[in-house]
Structures are given as structure tokens and as C-alpha cells.
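Protein chains in written order, with the numbering used here: chain H, 133 to 411; chain A, -4 to 314.
Quick reminder that beta carbons are idealized off the backbone N, C-alpha and C, glycines included.
Please read these numbers as outputs of a predicted model, since none were measured by experiment.
To keep things clear, I will list the structure first and then write my remarks on it.
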Amino acid sequence: MAEDLRTERKGRILAVRDLPTLPKVLEEVSKLVERPDSTTEQVAKLISMDQVLSAKVLKMVNSPVYGFPGRISSIGHALVLLGFNVLRSIIVSTSVFEVMSENMVGLWEHSLGAAMASGAVARMVKLKDAEEYAVAGLLHDLGKVVATVQLPDLKPEIERVVAERDCFYLEAEREVLGFGHDRINAWLADHWKLPANIKEGLSYHHKPHLAQLYPEMACVVHLGDFLVRSFEYGFSGDVGVTYLQPEALKILKIRPADFENLLDELSGQLVELADLRFT
Amino acid sequence: MVSDALCAFTRTQKILVLSPDPTLARLFDAAFTPAEAEVTIQCQGRYAVETLFTDPPDMLVVDAALADMPGPTLVTMVKSENVYRQLPVALIMDEAALGPDIDWCAVEVDELLTRPLTSAMLRARVTLALARATRSLDANPLTKLPGNTSIIGRIQDLIDRRQDFALAYADLDYFKSFNDKYGFSRGDEVLMMTARIIVNTVRAVGGPTAFVGHVGGDDFVFILDIDRVEEACRTVVASFDGIVPHFYDADDRDRGFIQSVDREGNRRSFPLMAISIAVVFNRDGRLKHFGEASQTAMTLKKKAKENPKSCYVLDKRQG
């Protein structure tokens, strides 16, 4: 791929202004924020179900305007620091998917499932601040959404390559775009000054063993992504299940017996999640 | 026209005008009543400098074409002295003289008045410049929150009106050792974070007396209705304790303390930062003066500081 084409596409990706989200989620959050008795925890819980709103909130709180870039990786903390006023303006500035393609709903479900699975893994291996792992799980495919919005003409091309070659979505992205969503995630994380742990989770979830600073974060998101695919919850863009890096289990010190417990716990939670309808 | 004083100002504003232009006096007379502004007009810059330094006005208006020196030179003389940096200065010029070659960033003026002048425009521009100066004068440069003058004014005003209120003084424990170890820019991040937590909490808990000020450094003040202050304190403490670990490096955070140097120069370990809040109440016009409130708060704060964890202490004598 020619370097200037790659640079031009990176520029278009980073020029993203508005990421659309599901009408129902936006409506629920707006309602909650307008109620005088709503608590930050309630709003944070709801926002944590939507990758676009979560990304916007984290981008805002980590912007240099507030004076602590790269520090906040929890939605709850972000809301405490931003206040409901700023949150209202975030809601106003978010548009909705008028016509929700089935794939986008599938990706939304996949992200939500990955958030839940990543949080469960982090809790099981007793990592501090499990919520931050859930946030990274939620946002791990953000690059796919941004690419779809900013380079819409290339999306059908990627899907065609996936279908024709029977390859993974990531490989097709690399062939068509010149880079995968993992790379887009890294750009966005830098551009939005997201904390380093979130950045590593987003940009190394396909190759967790290469993460340098926060290997646990990358491994947890990798595993979360793998698990939600195994349960066939949502649609990531791939029909099959990606390869599970054995190093990830080693780094997280997960034994086969733990793994079974995790699967049991997750299947219960995913059934509950499946009852949630936001479309 | 307002009869006694300009809206935002409680007393007559002193305005010094330096210009050889004889028509200016008439324009200022038409723009302001004597109760609003006391306007002195001088045509020589040289003589004005002494007055300016010994009895500074609330605002200085300088003609670019002074008889004895260029207006901007005089402005630079005044503004290079740090005590007068905040003095709002307006420059008068002919509109025709506005060229692209003027380096506006180098001229330290706060407002520009161009001829032809009208008294209505004069009134508007001068009042705006005065109001702007009052606002920016007292804001904390880091958090942009109101500073001491506004805080004292606010408290004294509530006392004078015999209104019930709760006054909370908050500061951070072990902030200095954090600053010493990580540097002042990381310290500033913590202050910004603290300011956001307090402002959002006070705004959410609300009430007619809700107000937040930044005394300076790690000292903050907030005012709330008496029945709401405890909820605010609880929320501030919980939010601060949840968020502050994220401002430490991962290894220090895991250890739960940092190694730094104390006031005597000895290396020792310090716990993670905590927030201490002391709350004073004014009920039934009990307080007569701002000083009483701050003194009681300081005594209470010592009590709050005895606890190394984040906490708040309420003034029981009035509770």
C-alpha cells in the first residue's frame, strides 16, 4: 500500500467527529440524565453499555482542557469529573443510526458481550479495578465502527474479501485499508489521550503477548473477545472463532479448572444480557 | 441611566484619562454620571506617571498620540510593574491609523477605543473592560475558580444578610510529598481533579447558597445550605478516594504509599493523598464577621487532619 494513501486514510479516520449510536440507548441515557434523582452510578452503568458514548466520555475527560490527560479509564470516575452538564452536551452531540444495519447491531452486541467477559476474567484473576478491563473490552472494536463511518466506501470491500477468501475480518481490513482496526484503535487512543492501559487493551487484543506496558490488560481483552465469540453472542464481523493465544492464559495464570468456572459464569450472564433489547 | 453606581461595582470607579484631545471630557461626562465614575483627564504622560504609581485608578485610558511620549510606551511602563499588571488599560486611536503592522500581542492593552468616539460606545467599552478585569483579577489561574477576594466577599455578604449557610474548607493531606516526588505539573493535575470533583458535587447537591472557591494551592472552599452540606462532604470524600490512586505511578499505587523527603529532609514513606474537610455553620446570624468563620474552620481542620484518611468534621458547637 502506498504510504501517502495510508496517511490520507489515517487522516480521515482521525477526523472523526461524530460516532452514531443506537437510538434506544441514547434515549435511555437522556431520560436518566434529566431525572433529578438519578445518581452517577446509574448513568455510568447505562453508558457502560454503549461503546460510542463510553468512548466520547473518556475522550472528553482525558482531553487537556480538564488538566489530567491520560489519567481516567473508568466511566464512573469520568462522570464524577465531567458533571451532568458536560454529559448533557455529549448526548446532544451524538447522533443515532437511523437505519441500523444488522451487522452494526451485531457489533454492538459483540462489544457489550466482550465488556462483560473481560470484566469477569479480570475479577476471576483478581486484578484491581475490574471495571477498567470491562471498558477496554467494550471499546476493543471501536476501530471497526470508526472505519465504517469514516471510510464507508471500503466497508463492502472488506466484507467481500472476508466472504471470498474465508479469512478473518482483521486480515481483510489489512488488505483493503492497509491497516487493521487494532491499529486504528491505537491511533484513536493517542489522539484522544486515553490512558495507556486502555490503549494497550485496544491495540494488542489480537496479539496480547506483544503488549509491553500492560500485558494483563491486553490478555484479558483478548480472552474476553475469544469467549464472547465462542458463545456466538453478537457479531464481530467473523463467523468463526479467532485463535486463542496460549500465552494469554499463561500470563494471566489461568488453569483449565478456572476456565470451566469462567465459562459457566459467563453463560449465565450472557443469557441475562440476551434479554436486554436496545434495538 | 443607572443612578448611583455601575451595575457590577459597589463604589464610584476612578478613571484616569491621558489625552491631549479636548473633546474627550465632554464624551466622558455624557457617558458616566459623577456617582458612577470619577474621571480625571490629563494631557501629559510624564506627570501622570507619578499619580498612577502612588494613587492608581480603577482604569487607565491612554491616547496613542500623547504630547510628550507614545501612548504604548507609557502603557508598557505601567504594565511591567507586577502590582499594576491587572489594571485595565484602554488605548485610544484613530480608526484610520489601524494598520496591519501593529503588533497587538506586544501592546499590553485590554481594550481599544477608536475615533470617531461616541459616548454610548465609550460607556459600553469602558464598563466591559472594568467588569472583565474584576472577573479575571480574582480567578485562580489554574482552576479558574473564584479566589480569595470573591470568597471573602461571598461569605461576608451571606453573614451581613443573616442568611444560614454551611462553609466547608477542604485541603489535601500529603499533597506536598506527592508534589515533591512527581513534580508540580503532576501536582496541578491533582488540583484540577479535586476542583472538578468539588464543583460537580456542589453543583449537583445545589441549593441557593452553592458556591465553590479556590483559596490557592490545595485549599478549597465551598458553601452550601446547612441541610445539604453533609451529603456533599460524603460524596466529595468518596469520589476523591476512588479517583486519586490513578494519579500515582502503578508501582506506588500498588504499594499504597510513596517514598519522599519530609520537611526535615529525611526520607520517609507517605500514604496516598486524602482530603480533609472542616465545616462551619452560620445559624440565626451567629457569625458577625468572615474572620470568625475562617478561624473556627482552621481549628476544626486540625481535628480532621488527625485522621490520615479522607474525612470531614462538622462544627458541633453549633450543630
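- Of the candidates A:231, A:185, A:247 and A:148, A:148 places its Cα closest to the Cα of residue 284 of chain A.
- Our two residues, residue 392 of chain H and residue 253 of chain H, have alpha carbons roughly 12 Å apart in a direct line.
- Between the region 197 to 205 of chain H and the region 180 to 196 of chain A, the count of C-beta pairs closer than 8 Å reaches three or more; the two stretches touch.
- Below 8 Å, too few C-beta pairs join the region 216 to 224 of chain H and the region 344 to 355 of chain H to call them touching: fewer than three.
- A residue is called buried when at least 16 other Cβ atoms come within 10 angstroms of its Cβ; residue 42 of chain A does not meet this threshold and is exposed.
- Taking the beta carbon of residue 198 of chain A as reference, the chain H residues within 9 Å of it are 215, 216 and 217, listed in sequence order.
- Residues of the region 200 to 212 of chain H whose Cβ lies closer than 7 Å to any Cβ of chain A, in chain order: 200, 203, 204, 209 and 212.
- Beta-carbon to beta-carbon, residue 357 of chain H and residue 300 of chain H are separated by about 12 Å, too far to satisfy the 8 Å threshold.
- When secondary structure is reduced to three states using DSSP, residue 8 of chain A falls in the strand class.
- For residue 285 of chain A, no Cβ of chain H is located within less than 9 Å of the residue's own Cβ.
- Apart from sequence neighbours up to five positions away, the residues of its chain that approach residue 249 of chain H with a beta-carbon distance below 7 Å are 269, 356, 359, 360 and 398, ordered along the chain.
- Assigned with DSSP and collapsed to three states, residue 377 of chain H falls in coil, not helix or strand.
- Apart from sequence neighbours up to five positions away, the residues of its chain that approach residue 252 of chain A with a beta-carbon distance below 8 Å are 264, 265, 266 and 267, ordered along the chain.
- Using a Cβ-Cβ distance cut-off of 8 Å, the region 207 to 219 of chain H and the region 141 to 150 of chain H are not in contact, since fewer than three pairs of beta carbons, one from each stretch, lie closer than that value.
- The Cβ-Cβ distance between residue 35 of chain A and residue 12 of chain A falls below 9 Å.
- The three-state secondary structure of residue 83 of chain A, taken from DSSP, is coil.
- If the five residues before and after residue 200 of chain A are omitted, its C-beta is found closer than 6 Å to the C-beta atoms of 223, 226 and 227, all from its own chain and listed in chain order.
- Burial state of residue 52 of chain A is buried, judged by a 10 Å Cβ sphere holding 16 or more other Cβ atoms.
- Here residue 253 of chain A is bridged, per DSSP, to A:265.
- Counting C-beta pairs closer than 8 Å gives fewer than three between the region 165 to 184 of chain H and the region 158 to 167 of chain A, which falls short of the contact rule.
- In this structure, DSSP gives residue 64 of chain A a state outside helix and strand, which the three-state scheme calls coil.
- The shortest C-alpha to C-alpha distance from residue 61 of chain A to any of A:270, A:38 and A:213 is the one to A:38.
- DSSP, read as helix, strand or coil, puts residue 135 of chain A in coil.
- Bounds of the beta strand (DSSP E) holding residue 211 of chain A are 206 to 211.
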